[in-house]
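S.K.: Chains as they are written, first to last, in the working numbering: chain A, 1 to 371; chain B, 372 to 742.
We put the beta carbon where it would ideally sit given N, CA and C, even for glycine.
Questions regarding the structure given below will be posed in turn.
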């Protein structure tokens with residue numbers, strides 16, 4: 001499969017043999033990233049953004065790529081993450097297909113794609129890889145690590161594994177471990193991909209691509225990224241106009257909500273590599289900050305050392321439910337950190353940080369302004 | 372496909388041409404049912420139970436079939452639905468594969484299975500078919516109509532279409548119309564079945580059966596029938612013992628919650644007909660008690676005439692969320708009915724009425740005791 005690398009992406013090369021947490025090593029791997037703003041002389045104004053499963057490093061327009069990014073409303077000059085003040089780095093997750101080395105990359109030892117020969121990927125590997133980018137940019141200590149969704153897991157892993165890496169932390173709709181409902185959803189998404197005969201144990205190509213499985217996985221994702229409350233108001237029971245329906249198909253799309261899911265799926269399926277999806281998805285299920293503490297996640301949180309932290313969550317989030325951000329804040333505070341918990345009433349569920357700018361802008365802006 | 376008819380099932384034959392709400396008619400169709408207790412001389416102690424999508428008519432052990440039923444804990448002598456007092460009828464939904472005529476039945480006009488030649492099925496057809504059973508048993512007026520889940524929709528349709536059919540109504544985790552989150556879930560379940568190449572536009576057989584699609588559909592069902600809260604306590608992050616894992620499969624089952632879903636799916640896939648599943652699932656999406664009132668569901672509820680009603684819901688239900696039972700109670704009350712709303716704190720979500728007997732027994736018992 002093709003990788004999907006935005007123009008202007010920059011790269012940091014990882015050490016020749018980058019050790020993976022669950023065993024094995026990656027050889028001659030790289031991490032994709034982009035930056036906004038200028039690193040100051042003291043090198044103390046750097047903010048690292050760690051992403052969810054699917055985004056690339058292009059969080060917002062910049063000199064290298066003027067196209068809108070996935071967090072355009074939040075990142076830039078004068079915005080909540082103000083690139084006039086901060087030197088912002090966004091990293092594409094290790095294991096992704098958006099520039100960082102992953103299952104869709106060439107294995108230098110064989111000359112073929114890694115596919116399922118990619119070593120087992122954990123959230124902690126993504127954290128370690130991101131740290132190499134930070135160091136390569138000449139930064140010893142970040143002003144803040146911001147992690148969204150899966151990135152909230154990655155940020156906690158980074159902070160626990162590398163004490164002193166950051167002065168502060170903002171955890172947005174993240175979690176310190178995966179819970180069974182989310183594991184069940186992700187397991188089913190992976191099963192949908194694996195059941196597609198065209199997945200072929202990871203050996204698909206453009207002509208034989210597991211599009212049905214990816215479509216199912218994405219639709220289930222979108223269902224869990226938003227909320228029933230939002231959809232009640234947004235779609236209700238509105239039906240598609242007859243010219244948008246296929247009268248030949250007795251079980252075809254009929255309601256607006258079905259068409260919405262279909263649109264999301266179509267935009268996604270050919271733009272994300274299925275094997276990368278499987279690896280990143282599984283890494284979230286495995287993640288538990290308490291792994292080294294006998295499964296005591298709070299003990300892991302209490303070991304983290306930053307000056308201040310903020311955990312933001314959304315009441316309608318069913319994938320990373322609110323009690324998980326409460327746990328992050330409480331757990332950090334139990335370790336002596338000035339940690340706040342901010343629950344938001346956004347109707348948009350897990351995706352709210354991408355779309356409910358009215359609520360997220362002041363939340364993020366206020367925290368960064370007081371640093 | 373085979374139908375799955377429990378021993379002891381009884382049948383009522385529908386009129387030779389049973390008209391379907393969305394057009395066409397069923398010829399020589401039948402409805403399966405079972406009964407408990409004795410109809411009194413006044414014929415005024417009959418209680419009708421209408422079920423969710425998948426159950427058969429065997430709600431509890433009876434003379435015809437001593438095996439445990441799906442609502443064994445709630446129905447029988449001295450139980451919440453007390454067969455010493457009530458003559459209880461449970462009807463298998465029209466369109467099902469558990470004895471009532473459905474897509475897995477023989478079309479008498481062709482001698483072949485109906486499959487997708489079955490006419491479009493609506494919840495209202497199920498209500499009309501159930502009424503034929505009631506009348507065939509010599510009952511003019513029911514003491515109570517109880518509907519669970521989809522059966523709650525069927526009960527409301529019955530009451531609206533056939534004024535005077537019942538003195539009272541109990542709506543359990545039901546709804547007066549389908550909301551977009553539930554439509555999205557069911558649409559995805561149907562897509563999983565339809566995407567399975569072995570579904571073959573409904574022309575499968577035992578040897579070529581859409582097992583993968585049915586497994587996906589059932590797993591997604593179970594995820595939405597229960598609740599994240601229950602699973603946090605029940606499964607947490609517990610992993611399967613190594614002897615229950617397949618080391619050859621890098622994406623195989625690892626967590627207890629995945630094994631739980633797999634077990635549920637295995638028990639279901641070969642015991643429910645895929646085409647019947649598609650028809651019944653779609654009928655729920657279509658259901659709106661306000662259809663004849665310009666989509667004003669409350670106007671439909673306000674037209675229903677019973678003496679008393681109770682709508683019971685569960686706070687953790689994401690498929691038929693609590694506000695839908697609140698709407699039923701409020702809407703009936705707006706029409707002048709003595710209607711109560713009873714929200715329960717069960718952690719088991721939509722399935723709570725099947726398993727949280729501690730909360731549901733007194734709720735159901737108290738209502739019936741005061742009739």
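So residue 214 of chain A contacts chain B; which residues on that side make the cut at Cβ distance below 8 Å?
M.R.: Taking the first residue of the first chain as position 1, residue 214 of chain A is located at position 214. Here the premise fails: no neighbours, minimum Cβ distance about 11 Å.
S.K.: Within 8 Å of any Cβ in chain A, is that where the Cβ of residue 599 of chain B sits?
M.R.: Reading the second chain from its first residue, position 228 is the one you call residue 599 of chain B. Answer yes: the Cβ-Cβ gap between residue 599 of chain B and chain A drops below 8 Å somewhere.
S.K.: When you compare the stretch 184–193 of chain A with the stretch 153–164 of chain A, are there three or more beta-carbon pairs, one atom per stretch, that lie closer than 8 Å?
M.R.: no
S.K.: Taking residue 341 of chain A as part of the beta strand (DSSP E), name the residues at either end of that continuous run.
M.R.: The residue labelled residue 341 of chain A in the question sits at position 341 within the first chain. Unbroken beta strand (DSSP E) run through residue 341 of chain A: 338–344.
S.K.: Does residue 163 of chain A come out as helix, strand or coil in the three-state DSSP assignment?
M.R.: One-based indexing of the first chain puts residue 163 of chain A at position 163. Reduced to three states, the DSSP call for residue 163 of chain A is coil.
S.K.: Of all the CB atoms in chain B, is at least one closer than 8 Å to the CB of residue 278 of chain A?
M.R.: Position 278 of the first chain, counted from the first residue, corresponds to residue 278 of chain A. Yes, its Cβ sits closer than 8 Å to a Cβ of chain B.
S.K.: Quick one: which residues of the stretch 653–670 of chain B get their C-beta closer than 8 Å to a C-beta of chain A? List them in chain order.
M.R.: Cβ contacts with chain A: 653, 656, 659, 666.
S.K.: Could you tell me the alpha carbon to alpha carbon distance between residue 539 of chain B and residue 361 of chain A, rounded to whole angstroms?
M.R.: In the second chain, residue 539 of chain B corresponds to position 168, counting from 1. In the first chain, residue 361 of chain A corresponds to position 361, counting from 1. Residue 539 of chain B and residue 361 of chain A: Cα-Cα distance of roughly 52 Å.
S.K.: Among all the DSSP beta bridges, which residues are the ones paired with residue 542 of chain B?
M.R.: Looking up residue 542 of chain B in the second chain gives position 171. Its beta-bridge partners are B:518, B:682.
S.K.: Can you pull the chain B residues whose beta carbon is under 9 Å from the beta carbon of residue 4 of chain A, in chain order?
M.R.: Numbered from 1 along the first chain, position 4 holds the residue referred to as residue 4 of chain A. What residue 4 of chain A touches in chain B: nothing, since even the nearest Cβ is about 22 Å away.
S.K.: Spell out whether any CB of chain B is found under 8 Å from the CB atom of residue 236 of chain A.
M.R.: Within the first chain, numbered from 1, the residue matching residue 236 of chain A stands at position 236. Answer yes: the Cβ-Cβ gap between residue 236 of chain A and chain B drops below 8 Å somewhere.
S.K.: Closer than 8 Å, CB to CB, is residue 219 of chain A near chain B or not?
M.R.: Locating residue 219 of chain A in the first chain gives position 219, counting from the first residue. Answer yes: the Cβ-Cβ gap between residue 219 of chain A and chain B drops below 8 Å somewhere.
S.K.: So for residue 19 of chain A, helix, strand or coil by DSSP?
M.R.: The count along the first chain starts at 1 and reaches residue 19 of chain A at position 19. The answer is strand: DSSP assigns residue 19 of chain A an E or B state.
S.K.: Which stretch, first to last residue, makes up the alpha helix (DSSP H) that contains residue 696 of chain B?
M.R.: In the second chain, counting from the first residue as 1, residue 696 of chain B sits at position 325. Its alpha helix (DSSP H) spans residues 693–705.
S.K.: Sorted by chain position, which residues of the same chain lie with C-beta nearer than 7 Å to residue 306 of chain A's C-beta, five sequence neighbours on each side aside?
M.R.: Here residue 306 of chain A refers to the residue found at position 306 when the first chain is read from its first residue. Excluding positions up to five away in sequence, the list reads 159, 166, 167, 168, 169, 337.
S.K.: Would you say residue 250 of chain A lies against chain B (beta-carbon separation less than 8 Å)?
M.R.: As a working mapping, residue 250 of chain A is identified with position 250 in the first chain. Yes, residue 250 of chain A lies at the interface with chain B (some Cβ there is under 8 Å from its Cβ).
S.K.: With a Cβ-Cβ cutoff of 8 Å, do residue 466 of chain B and residue 484 of chain B count as a contact?
M.R.: Position 95 of the second chain, counting from 1, holds the residue named residue 466 of chain B. Position 113 of the second chain, counting from 1, holds the residue named residue 484 of chain B. No, the pair does not count as a contact, with Cβ atoms beyond the cut-off.
S.K.: Buried or exposed: residue 597 of chain B, going by 16 or more other Cβ atoms within 10 Å of its Cβ?
M.R.: Taking the first residue of the second chain as position 1, residue 597 of chain B is located at position 226. Buried is the call here.
S.K.: Based on Cα-Cα distance, which residue from B:402, B:522, B:551 lies nearest to residue 233 of chain A?
M.R.: To locate residue 233 of chain A, count along the first chain from 1; it is residue 233. Nearest option by C-alpha distance: B:551.
S.K.: For chain B, find out if any of its Cβ atoms is closer than 8 Å to the Cβ of residue 264 of chain A; answer yes or no.
M.R.: Translated into positions along the first chain, residue 264 of chain A becomes position 264. Cβ-Cβ to chain B under 8 Å: no for residue 264 of chain A.
S.K.: Residue 205 of chain A: which of A:104, A:37, A:48 sits nearest, CA to CA?
M.R.: Within the first chain, numbered from 1, the residue matching residue 205 of chain A stands at position 205. Looking at the Cα atoms, A:104 is the closest of the given residues.
S.K.: Which one or two residues does DSSP pair with residue 477 of chain B in a beta bridge?
M.R.: To locate residue 477 of chain B, count along the second chain from 1; it is residue 106. Answer by DSSP bridge pairing, in chain order: B:484.
S.K.: Can you tell me whether residue 405 of chain B is buried or exposed, with buried defined as 16 or more other CB within 10 angstroms of its CB?
M.R.: Residue 405 of chain B sits at position 34 when you count from the first residue of the second chain. The residue is buried, with at least 16 neighbouring Cβ atoms inside 10 Å.
S.K.: Quick one: Cα of residue 21 of chain A to Cα of residue 131 of chain A, how far?
M.R.: Residue numbering aside, residue 21 of chain A sits at position 21 when the first chain is read from its first letter. Residue numbering aside, residue 131 of chain A sits at position 131 when the first chain is read from its first letter. Distance between the alpha carbons of residue 21 of chain A and residue 131 of chain A: 15 Å.
S.K.: Report the three-state DSSP secondary structure of residue 204 of chain A (helix, strand or coil).
M.R.: Locating residue 204 of chain A in the first chain gives position 204, where the first residue counts as 1. In the structure shown, the three-state DSSP call for residue 204 of chain A is coil.
S.K.: Tell me where the beta strand (DSSP E) around residue 36 of chain A begins and ends.
M.R.: Numbered from 1 along the first chain, position 36 holds the residue referred to as residue 36 of chain A. Taken as a continuous stretch (DSSP letters only), the beta strand (DSSP E) holding residue 36 of chain A covers 30–36.
S.K.: With a cut-off of 8 Å on the beta carbons, I'd call residue 143 of chain A and residue 47 of chain A a contact; round off their distance for me.
M.R.: By 1-based counting over the first chain, the position of residue 143 of chain A is 143. By 1-based counting over the first chain, the position of residue 47 of chain A is 47. Contact holds; Cβ gap of about 6 Å.
S.K.: What did DSSP end up calling residue 129 of chain A once you bin it into helix, strand or coil?
M.R.: To locate residue 129 of chain A, count along the first chain from 1; it is residue 129. Reduced to three states, the DSSP call for residue 129 of chain A is helix.
S.K.: Can you name the residues of chain B whose CB is closer than 7 Å to the CB of residue 321 of chain A?
M.R.: As a first step, residue 321 of chain A must be located in the first chain, where it is residue number 321. Contact of residue 321 of chain A with chain B by beta-carbon distance below 7 Å involves 599.
S.K.: Since residue 548 of chain B meets chain A, which of its residues come closer than 8 Å, beta carbon to beta carbon?
M.R.: As a first step, residue 548 of chain B must be located in the second chain, where it is residue number 177. Here the neighbours are 237.
S.K.: So with Cβ pairs under 8 Å, would you call residue 551 of chain B a contact of chain A?
M.R.: In the second chain, counting from the first residue as 1, residue 551 of chain B sits at position 180. For residue 551 of chain B, the answer is yes, since a Cβ of chain A falls inside 8 Å of its Cβ.
S.K.: Taking only beta-carbon positions, decide if residue 675 of chain B is within less than 8 Å of chain A.
M.R.: Your numbering for residue 675 of chain B matches position 304 in the second chain. Not one chain A Cβ lies under 8 Å of residue 675 of chain B.
S.K.: Step through the CB atoms of chain B and report whether any lies within less than 8 Å of the CB of residue 187 of chain A.
M.R.: In the first chain, counting from the first residue as 1, residue 187 of chain A sits at position 187. Chain B contact via Cβ: present.
S.K.: Just the C-alpha distance for residue 312 of chain A and residue 151 of chain A, rounded to the nearest angstrom, thanks.
M.R.: For the purposes of this step, residue 312 of chain A is identified with residue 312 of the first chain, where counting begins at 1. For the purposes of this step, residue 151 of chain A is identified with residue 151 of the first chain, where counting begins at 1. For residue 312 of chain A and residue 151 of chain A, the distance between alpha carbons rounds to 13 Å.
S.K.: Within 8 Å (strictly less), CB to CB, does residue 745 of chain B reach chain A?
M.R.: With chain B running from 372 to 742 in the structure shown, residue 745 of chain B is simply not present.
S.K.: Compute the Euclidean distance between the alpha carbons of residue 691 of chain B and residue 700 of chain B, then round it to the nearest angstrom.
M.R.: Along the second chain, one-based indexing puts residue 691 of chain B at 320. Along the second chain, one-based indexing puts residue 700 of chain B at 329. Near 14 Å, if we compare the C-alpha coordinates of residue 700 of chain B and residue 691 of chain B.
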